Amino acid sequence: MEIFQGTLREPDPQFAQAKLDAFLQAAPILPFSLPVARRCAQLRELLKRRGKRVRARALDLVVAETALENNCTLVTRNTDDYVDIPDLKLHRLGPPVI
2 MEIFQGTLRE
12 PDPQFAQAKL
22 DAFLQAAPIL
32 PFSLPVARRC
42 AQLRELLKRR
52 GKRVRARALD
62 LVVAETALEN
72 NCTLVTRNTD
82 DYVDIPDLKL
92 HRLGPPVI
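For any residue, its number in our numbering is found by taking its place in the sequence shown, counting from 1, and adding 1.
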């Protein structure tokens with residue numbers, strides 16, 4: 002959702018959407034699954050017990066657990082949103098080039 006919303010903020014949203022569509026054609030889309038949902042609930046409870054914020058992070062936690070379930074590195078510009086998630090491999094993405 003956020004990645005599509007980002008194209009709407011670009012000076013030429015149609016061009017940005019076309020570039021994103023081309024990228025997504027080549028990138029695998031990982032499914033949201035029952036194991037991810039269970040892990041997400043466990044992670045949410047763990048973070049809550051540690052006093053971390055969880056309410057506004059539901060989508061971030063789903064993304065993080067999908068990466069963990071599939072043994073993937075999460076590539077994002079918002080690494081601060083994920084630094085407290087145990088075992089998650091992160092790669093900080095640079096500024097957009099469109």
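We put the beta carbon where it would ideally sit given N, CA and C, even for glycine.
All figures in this text were calculated on a predicted structure; none of them were measured in a lab.
Item, Value
"What three-state label does DSSP hand R40 in the structure shown?", "helix"
"Secondary structure at R58, three-state DSSP: helix, strand or coil?", "helix"
"Only counting runs of 4 or more residues, tell me where the alpha helix (DSSP H) segments fall wholly within the region 2 to 47, in order along the chain.", "3 to 9 and 14 to 27"
"In terms of alpha-carbon separation, which member of T80, E66, G7 and T77 lies closest to R39?", "E66"
"Would you say the region 42 to 58 touches the region 70 to 86, given that touching needs at least three Cβ pairs under 8 Å?", "yes"
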